[in-house]
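In this note's numbering, the protein residues as written are 1094 to 1256.
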Ligand code: RP5
């Protein structure tokens, strides 16, 4: 996390989600995007969740990445209380392997969107990259770093060999 005022808020329903959500934090760190990360639960800390979402824009956040597992209402409820873009990450649950999380997050009613990512770490990393892409719209240097990242990724794949 950076000393600069955070542009991205990473929230999650439990500290058990952190091993997954760390993948988003890692991406933001790599791109030098200031962020904050904390546990905010839709069901277990509903008042905190409302306050977090309602004050997010005034605190300077530009994007919220919200991860949750099971009955994963956090991204949708946060989206209900802010007009900031909310990126939802379905955390892999034990009982249903994250299918429950995915469907809970993706099936938002018309009018309150949540951008929904893949289940687990890949989804968290992509939510981080998507946050970078959103912020890069108003930041040419960040846009250059994102283009460099893509170019390096392309080169890495082109260099792949098989036994
Ligand atoms: C959800 O319940 C959390 O997002 C987490 O994925 C799941 C399990 O939470 P813990 O029982 O590990 O705290 O609210």
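Glycine included, every Cβ here is placed at the ideal spot set by N, Cα and C.
Using a strict less-than 5 Å threshold between each residue's beta carbon and the heavy atoms of the ligand RP5, what residues do you get?
1106, 1107, 1109, 1110, 1161, 1162, 1163, 1184
Might you give, ordered along the chain, the residues of its own chain that have their beta carbon closer than 8 Å to the beta carbon of residue 1119, omitting 5 neighbours on each side?
Position 26 of the chain shown, counting from 1, holds the residue named residue 1119. Excluding residues within five positions, the ones whose Cβ falls inside 8 Å are 1218, 1221.
Candidates 1253, 1125, 1210, of which the one nearest residue 1228 by Cα
For the purposes of this step, residue 1228 is taken as residue 135 along the chain shown, with counting starting at 1. Nearest of 1253, 1125, 1210 to residue 1228, Cα basis: 1125.
Name the residue from 1197, 1137, 1253, 1178 whose alpha carbon lies nearest to the alpha carbon of residue 1153.
As a first step, residue 1153 must be located in the chain shown, where it is residue number 60. Closest option to residue 1153, Cα to Cα, is 1178.
So, at 7 Å on beta carbons, what are the nonlocal neighbours of residue 1198 in its own chain, with the 5 sequence-adjacent residues on each side left out?
Stepping through the chain shown from its first residue, residue 1198 is reached at position 105. These residues qualify, in order along the chain: 1165, 1168, 1169, 1181, 1183, 1207, 1209.
State whether the stretch 1126-1143 contacts the stretch 1099-1113, with contact taken as three or more CB pairs (one from each stretch) at a distance under 8 Å.
yes
Would residue 1160 and residue 1105 qualify as a contact pair, given that the criterion is a beta-carbon distance under 8 Å?
As a working note, residue 1160 is residue 67 in the chain shown. As a working note, residue 1105 is residue 12 in the chain shown. Going by C-beta atoms, residue 1160 is nearer than 8 Å to residue 1105.
Give the DSSP bridge partners of residue 1257, in chain order.
No statement about residue 1257 is possible, as the shown extent of the chain runs from 1094 to 1256 and does not include it.
Does residue 1206 come out as helix, strand or coil in the three-state DSSP assignment?
As a position in the chain shown, residue 1206 is number 113, starting the count at 1. Here residue 1206 sits in coil by DSSP.
Which of helix, strand or coil does DSSP assign to residue 1198?
Stepping through the chain shown from its first residue, residue 1198 is reached at position 105. Reduced to three states, the DSSP call for residue 1198 is helix.
Can you list, in chain order, the residues of its chain whose CB lies under 8 Å from that of residue 1185, leaving out five sequence neighbours each side?
For the purposes of this step, residue 1185 is taken as residue 92 along the chain shown, with counting starting at 1. Result list for residue 1185: 1113, 1162, 1191, 1194, 1212, 1213, in chain order.
Let me know if residue 1250 comes out buried or exposed under the rule of 16 or more other beta-carbons within 10 Å of its beta-carbon.
One-based indexing of the chain shown puts residue 1250 at position 157. It is exposed - the Cβ of residue 1250 has fewer than 16 other Cβ atoms within 10 Å.
Using a 10 Å radius around the Cβ and a threshold of 16 neighbouring Cβ atoms, would you call residue 1110 buried or exposed?
Your numbering for residue 1110 matches position 17 in the chain shown. Buried, since its Cβ has 16 or more Cβ neighbours within 10 Å.
Mind listing, in chain order, the continuous alpha helix (DSSP H) runs of no fewer than 4 residues lying wholly within the stretch 1105-1177?
1111-1123, 1139-1148, 1167-1174
Using a 10 Å radius around the Cβ and a threshold of 16 neighbouring Cβ atoms, would you call residue 1231 buried or exposed?
Start at 1 with the first residue of the chain shown, and residue 1231 comes out as number 138. Exposed.
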